[in-house]
Ligand code: AMP
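What follows is the structure, encoded as structure tokens:
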């Protein structure tokens, strides 16, 4: 089973795709994580991509597609995998389509004002990549209720899972966020169109928080098996 998670930054794409990977025992593949690890380890790839990440810009397709192609050729992907942060462009979606058959696209839908509040309060473990959120967002916008509770660590700035230090990613600062949301909107439209024409997209509203969204994603996946 090959599942693609789509959704703007801050919609919980990382959290939901990782949980889904745990529950389905499929590997979770995040191109963002692969790039960050390469930067952290100062590899040739890391040197190639670090400027793009610090500016919140997309890494060129040639590099990204090659990294993805290599990753999904590993034996752990034989039964399927979950993609988080790929594809970000139509050529990336088309390249994936030439390699494998995507079964399901989970499209996470959220309100922009809520996304900005959540993203600027996001913290990530510098060691294992676990994501936390310090903002408790409960508000009414245009007559709709948005309930996204915080997910803080038990100890301030320390990862519950591995004890690593939590960091505020450079691209989670407000000025870069607005830029990332614009890029994401512009880039996601043609990808969604591409997958909708194949009839494999399921829209999931994430505004009601973790407890309702998680089960709703799992129900959707079960319906597709
Ligand atoms: P993410 O962790 O998915 O938000 O990705 C962080 C950053 O990595 C993005 O802002 C891009 O600079 C880069 N990146 C991750 N995935 C891709 C992709 N599929 N295509 C291009 N750039 C990417």
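Numbering (my numbering), first residue to last: 788 to 1012.
C-beta: ideal position from N, C-alpha, C; glycine also.
Keep in mind that this is a model prediction, so the values were computed, not measured.
Beta strand (DSSP E) segment containing residue i, residue limits
i: residue 1013; result: With the chain represented from 788 up to 1012, any question about residue 1013 goes unanswered, as that position is not in the structure.
i: residue 971; result: Element bounds for residue 971: not the beta strand (DSSP E) but the alpha helix (DSSP H), 961-983.
i: residue 886; result: Unbroken run through residue 886 is the alpha helix (DSSP H), 877-886; no beta strand (DSSP E).
i: residue 869; result: 868-871
i: residue 889; result: Unbroken run through residue 889: none, as it is neither H nor E.
i: residue 790; result: 789-793
i: residue 918; result: 918-920
Reference residue i; option with closest CA among the options
i: residue 849; options: 975, 825, 836; result: 836
i: residue 814; options: 869, 841, 799; result: 869
i: residue 909; options: 944, 892, 888; result: 944
i: residue 771; options: 948, 804, 799; result: This structure leaves residue 771 out entirely; the chain is present only between 788 and 1012.
i: residue 863; options: 826, 949, 918, 816; result: 816
i: residue 916; options: 878, 955, 874, 926; result: 955
i: residue 788; options: 847, 866, 979; result: 866
i: residue 802; options: 1006, 998, 874, 822; result: 998
i: residue 879; options: 810, 900, 893, 856; result: 856
i: residue 961; options: 823, 838, 904; result: 904
i: residue 948; options: 912, 806, 873, 841; result: 912
i: residue 932; options: 996, 914, 986, 978; result: 996
i: residue 808; options: 871, 834, 820; result: 871
i: residue 986; options: 925, 966, 1011, 919; result: 1011
i: residue 919; options: 832, 873, 946; result: 946
i: residue 982; options: 888, 924, 942, 838; result: 888
i: residue 820; options: 914, 838, 926; result: 914
Rounded Cβ spacing between residue i and residue j (contact assumed at less than 8 Å)
i: residue 895; j: residue 792; result: 7 Å
i: residue 988; j: residue 843; result: That pair is no contact at about 26 Å.
i: residue 1001; j: residue 902; result: Between residue 902 and residue 1001 the Cβ distance is about 18 Å, and since that is not below 8 Å, they are no contact.
i: residue 851; j: residue 818; result: 6 Å
i: residue 1004; j: residue 893; result: 6 Å
i: residue 900; j: residue 928; result: 6 Å
Pair within 8 Å by beta-carbon distance, residue i and residue j
i: residue 790; j: residue 890; result: yes
i: residue 922; j: residue 993; result: no
i: residue 971; j: residue 795; result: yes
i: residue 875; j: residue 969; result: no
i: residue 840; j: residue 822; result: yes
i: residue 886; j: residue 859; result: yes
i: residue 978; j: residue 877; result: yes
Residue range of the alpha helix (DSSP H) that includes residue i
i: residue 803; result: 800-811
i: residue 905; result: 899-907
i: residue 999; result: 997-1011
i: residue 929; result: Careful: residue 929 lies outside any alpha helix (DSSP H) and carries neither H nor E.
i: residue 991; result: Residue 991 -> not in any alpha helix (DSSP H); beta strand (DSSP E) instead, spanning 988-992.
i: residue 827; result: 818-827
Any non-hydrogen atom of ligand 3 closer than 7 Å to residue i Cβ
i: residue 858; result: In the structure shown, ligand 3 is absent; the only ligands present are ligand 1.
key: Any 3 or more C-beta pairs closer than 8 Å across the region 822-829 and the region 928-937   = Too few Cβ pairs lie closer than 8 Å, so no.
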